[in-house]
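Enquirer: Numbering (the working numbering), first residue to last: 24 to 257. Here a beta-carbon is modelled for each residue, glycine too, at the ideal position from N, C-alpha and C. The following block contains the structure, expressed as structure tokens.
Shown next, in the form of structure tokens:
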């Protein structure tokens, strides 16, 4: 078997690294270092803007040539060989003639997000099969960060629930946290869909669902299955 190698034994130019491995469009790799934080070694990659590329305004998505200012931001990225990675990015604000000073639009980083899109995707995929705690530990992220990323992914993929045609409901409570704290789940048994989940188990707690259902939707309901919890007296 013949194995072909490219540039074996010689350091790759930074533009090849960015294109083949990094995917940080509009930026080039300036250097790297290791930082030890609480006994954990982090790989920190320094990225600088590509001076030959125009910038896009995050407000109007138009191309802009003038730069207003820049600041260093720390952005989480996918681990490399089980080592957590952090990007040290020189984020630029463009001087947009239409919107004023605005952060540049990046294809690999969502607005107001401190992790790359591919790291967010990896987190969401892992959350689908394991706990938030395990996902946070494996990616080296804070629990709250993972929870927020998973919630954002669910909002984007699931979207608003379709309540049209709902005629049969099933309601039940389940325990959350400690100290007899509960939440309520409402499902549509015929199509095996979760319609709504909310904290609490009282009549007042489930009222937002029926307000979301609307008057016409409530009139369509033919049957509701629930246990003997008197708090569900609708």
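Tell me, please, which residues DSSP counts as bridged to residue 184.
Expert: Partner(s): none; residue 184 has no beta bridge.
Enquirer: With distances taken between CB atoms, is the gap from residue 156 to residue 84 smaller than 9 Å?
Expert: No, the pair does not count as a contact, with Cβ atoms beyond the cut-off.
Enquirer: Please state the DSSP three-state secondary structure of residue 98.
Expert: Strand at residue 98.
Enquirer: Apart from the five residues just before and just after residue 147, which ones in its own chain have a Cβ nearer than 7 Å to its Cβ?
Expert: 172, 173, 176, listed in sequence order.
Enquirer: Reducing DSSP to helix, strand and coil, say where residue 175 ends up.
Expert: Helix.
Enquirer: Quick check on this structure: which residue in 104, 70, 81 has the alpha carbon closest to the alpha carbon of residue 94?
Expert: Here the closest residue by C-alpha is 70.
Enquirer: When you compare only the Cα positions, how much space is there between residue 212 and residue 99?
Expert: Distance between the alpha carbons of residue 212 and residue 99 is about 41 Å.
Enquirer: Could you check what DSSP says for residue 240 in three-state terms: helix, strand or coil?
Expert: Correct three-state label for residue 240: helix.
Enquirer: So does residue 97 have its beta carbon nearer than 8 Å to some heavy atom of the ligand ZN?
Expert: Looking at this structure, you won't find the ligand ZN or any other ligand, since it has none at all.
Enquirer: For residue 115, report the span of its alpha helix (DSSP H) as first-last.
Expert: Note, residue 115: premise wrong, no alpha helix (DSSP H); beta strand (DSSP E) at 106-119.
Enquirer: Can you name, in chain order, every residue of its own chain whose Cβ lies under 8 Å from the Cβ of residue 218, other than the five neighbours on each side?
Expert: Answer for residue 218: 184, 186, 189, 192, 209, 210, 211, 232, listed in chain order.
Enquirer: Should residue 145 go down as buried or exposed, given a rule of 16 or more other Cβ atoms within 10 Å for buried?
Expert: Label assigned to residue 145: buried.
Enquirer: Could you give the residue range of the alpha helix (DSSP H) that holds residue 224?
Expert: That residue, residue 224, is in no alpha helix (DSSP H); it is neither H nor E in DSSP.
Enquirer: Which same chain residues end up closer than 8 Å to residue 118 when comparing Cβ atoms and leaving out the 5 residues on each side of it in sequence?
Expert: Closer than 8 Å at the Cβ level, and outside the excluded window around residue 118, lie 87, 89, 90, 91, 124.
Enquirer: Taking Cβ positions, are residue 108 and residue 52 nearer each other than 9 Å?
Expert: No. Outside cutoff.
Enquirer: Residue 141 and residue 168: beta carbons closer than 9 Å?
Expert: Contact flag unset, no.
Enquirer: I'd like to confirm the pairing. Which residues does DSSP put opposite residue 135 in its beta bridges?
Expert: None; residue 135 has no bridge partner.
Enquirer: Run the CB neighbour count on residue 61, radius 10 Å, all protein chains shown included, and call it buried at 16 or more, exposed below.
Expert: Exposed, because fewer than 16 other Cβ atoms sit within 10 Å of the Cβ of residue 61.
Enquirer: By DSSP's criteria, residue 197 is part of a beta bridge. Which residues make up the other side?
Expert: DSSP lists 206 as partners of residue 197.
Enquirer: By DSSP, does residue 215 sit in helix, in strand, or in coil?
Expert: Coil.
Enquirer: Helix, strand or coil for residue 150? Go by DSSP, reduced to three states.
Expert: It is helical.
Enquirer: List the whole-angstrom C-beta distance separating residue 116 from residue 126, where the pair is believed to meet the contact cut-off of C-beta under 8 Å.
Expert: Yes, they are in contact, since the Cβ atoms of residue 116 and residue 126 sit about 6 Å apart, within 8 Å.
Enquirer: Can you list, in chain order, the residues of its chain with a C-beta nearer than 6 Å to that of residue 143? Leave out the 5 residues immediately preceding and following it.
Expert: The answer, listed in chain order, is 172.
Enquirer: I need the boundaries of the alpha helix (DSSP H) containing residue 160, first residue and last residue.
Expert: First-last of the alpha helix (DSSP H) with residue 160: 155-162.
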